[in-house]
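J.: Here it is: the structure, laid out below.
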Amino acid sequence: QVQLQESGPGLVKPSQTLSLTCTVSGGSISSNSYYWTWIRQPAGKGLEWIGRIYISGSTNYNPSLKSRVTISVDTSKNQFSLKLSSVTAADTAVYYCAGFVNTGHYDAFDIWGQGTMVTVSS
Amino acid sequence: DIQMTQSPSSLSASVGDRVTITCQASQDISNYLNWYQQRPGKAPNLLIYHASNLETGVPSRFSGSGSGTDFTFTISSLQPEDIGTYYCQHYDNLPYTFGQGTKLEIK
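So the sequence lines, in the order shown, correspond to chains G and F.
Quick note: the first sequence uses this note's numbering, first residue -6, plus one each step.
Quick note: the second sequence uses this note's numbering, first residue -4, plus one each step.
In structure tokens:
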């Protein structure tokens, strides 16, 4: 079955750019049924949808983060990536990549990575 | 953004108890609602999709109902492995948002 794995630095300095990659294995990122998504969760808090990308390259971002977020896809590597600029301590969180299946009758985050902790600190 | 409000924020119940969690949307979302379980240190796991459909492989003691703005998630007979935090999530429009979570513990 399809699996996701996040990778990237666990520590980022304030004002710098957070960069994470999600590798899709066991299936193709080019599936037209999935929106590839980033979600984050600060320690002890709830889940926040950051944004998503479709295989066409079309993206949607959370308005609360839109000015700082870029999500891209590399089909040759079966990966999609997150960049979050000008980070502060408020961006410290576990970051998950997830697949949102969208078929009209089955629409949900049915694939998740294990999550990666990113701390913003000098 | 659509706000999702879960109740209660936490609850403690005994093995075998019936457990109910509610989720209220700030506007009509039809039945565009999913439920997830998150065990400590793990990623969320889909339990219920489209408000009332049981995900493949999920035990039948889990169920969901509701439409519009009011939704209910039920565990018919609580088991020890059900501990964790439960989240509702809407997908009516972007940005998708989650409830604040309900932390479930065993008495």
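All C-beta atoms, glycine included, are put in the ideal place defined by N, C-alpha and C.
Going by C-alpha distance, which of G:Pro7, G:Val80 and G:Gly50 is nearest G:Gln72?
T.: Counting from one through the first sequence, the residue named residue 72 of chain G turns up at place 79. Closest option to G:Gln72, Cα to Cα, is G:Gly50.
J.: Name, going along the chain, the residues of the segment 22 to 54 of chain G whose beta-carbon falls closer than 7 Å to a beta-carbon of chain F.
T.: For the segment 22 to 54 of chain G, which is checked against every Cβ of chain F, the residues closer than 7 Å are Gly39, Leu40, Trp42 and Asn53.
J.: Closer than 8 Å, Cβ to any Cβ of chain F: which residues of the segment 99 to 114 of chain G, in chain order?
T.: Those residues of the segment 99 to 114 of chain G that come within reach of chain F (Cβ to Cβ, closer than 8 Å) are Tyr99, Asp100, Ala101, Phe102, Asp103, Trp105, Gly106, Gln107 and Gly108.
J.: How many angstroms separate the CA atom of G:Asp103 from the CA atom of G:Ile46?
T.: Locating residue 103 of chain G in the first sequence gives position 110, counting from the first residue. Locating residue 46 of chain G in the first sequence gives position 53, counting from the first residue. Answer to the nearest angstrom: the Cα atoms are 16 Å apart.
J.: Which partner residues does F:Gly59 have in the DSSP bridge list?
T.: As a working note, residue 59 of chain F is residue 64 in the second sequence. Bridge partners of F:Gly59: F:Phe68.
J.: If we define contact as Cβ-Cβ less than 7 Å, is G:Tyr89 a contact residue for chain F?
T.: As a position in the first sequence, residue 89 of chain G is number 96, starting the count at 1. Yes, contact with chain F.
J.: Going by beta carbon distance, what residues of the same chain come within less than 6 Å of G:Thr169, once the five residues before and after it are set aside?
T.: Summary: the structure shown does not reach residue 169 of chain G, with chain G confined to residues -6 through 115, and so no result is reported for it.
J.: Helix, strand or coil for F:Glu50? Go by DSSP, reduced to three states.
T.: Working through the second sequence from its first residue, we reach residue 50 of chain F at position 55. Coil at F:Glu50, not helix or strand.
J.: Please check if any C-beta of chain G sits within less than 7 Å of the C-beta of F:Ala108.
T.: Absent from the model: residue 108 of chain F. The displayed extent of chain F is -4 to 102, so no value can be given.
J.: Kindly say whether F:Gln19, judged by its beta-carbon, lies nearer than 7 Å to any beta-carbon of chain G.
T.: Here residue 19 of chain F is taken as the residue at index 24 of the second sequence, counted from 1. It does not: the Cβ of F:Gln19 has no partner Cβ on chain G nearer than 7 Å.
J.: Counting along the chain, where does the beta strand (DSSP E) carrying F:Lys98 start and finish?
T.: Position 103 of the second sequence, counted from the first residue, corresponds to residue 98 of chain F. Looking at the DSSP string, the run of the beta strand (DSSP E) that includes F:Lys98 is Thr97 to Ile101.
J.: Which whole-angstrom value describes the C-beta separation of F:Arg13 and F:Thr69, a residue pair presumed to lie in contact below a C-beta threshold of 8 Å?
T.: Indexing the second sequence from 1 puts residue 13 of chain F at position 18. Indexing the second sequence from 1 puts residue 69 of chain F at position 74. Right, the Cβ-Cβ distance comes to about 7 Å (below 8 Å), so this counts as a contact.
J.: How many angstroms separate the CA atom of G:Val113 from the CA atom of G:Ser12?
T.: Numbered from its first residue, the first sequence carries residue 113 of chain G at position 120. Numbered from its first residue, the first sequence carries residue 12 of chain G at position 19. Distance between the alpha carbons of G:Val113 and G:Ser12 is about 12 Å.
J.: Indicate the three-state DSSP secondary structure (helix, strand or coil) for F:Ala38 in the structure shown.
T.: If you number the second sequence from 1, residue 38 of chain F lands on position 43. F:Ala38: coil per DSSP, three-state reduction.
J.: Given a cut-off of 7 Å, decide if G:Ile22 and G:Thr68 are closer than it, judged by their beta-carbon atoms.
T.: Mapped onto the first sequence, residue 68 of chain G falls at position 75. Mapped onto the first sequence, residue 22 of chain G falls at position 29. Yes, Cβ-Cβ distance for G:Thr68 and G:Ile22 is below 7 Å.
J.: Tell me which same chain residues have a C-beta within less than 8 Å of the C-beta of F:Pro3, skipping the five on either side of it?
T.: On the second sequence, position 8 is the one that residue 3 of chain F refers to. The residues are Ile16 and Thr97.
J.: Can you list the residues of chain G that F:His85 reaches, using a CB-CB cut of under 8 Å?
T.: Working through the second sequence from its first residue, we reach residue 85 of chain F at position 90. In chain order: nothing, as chain G lies at least about 10 Å away.
J.: Is it buried or exposed, G:Arg33, if we count other Cβ atoms within 10 angstroms and call 16 or more buried?
T.: Residue numbering aside, residue 33 of chain G sits at position 40 when the first sequence is read from its first letter. The residue is buried, with at least 16 neighbouring Cβ atoms inside 10 Å.
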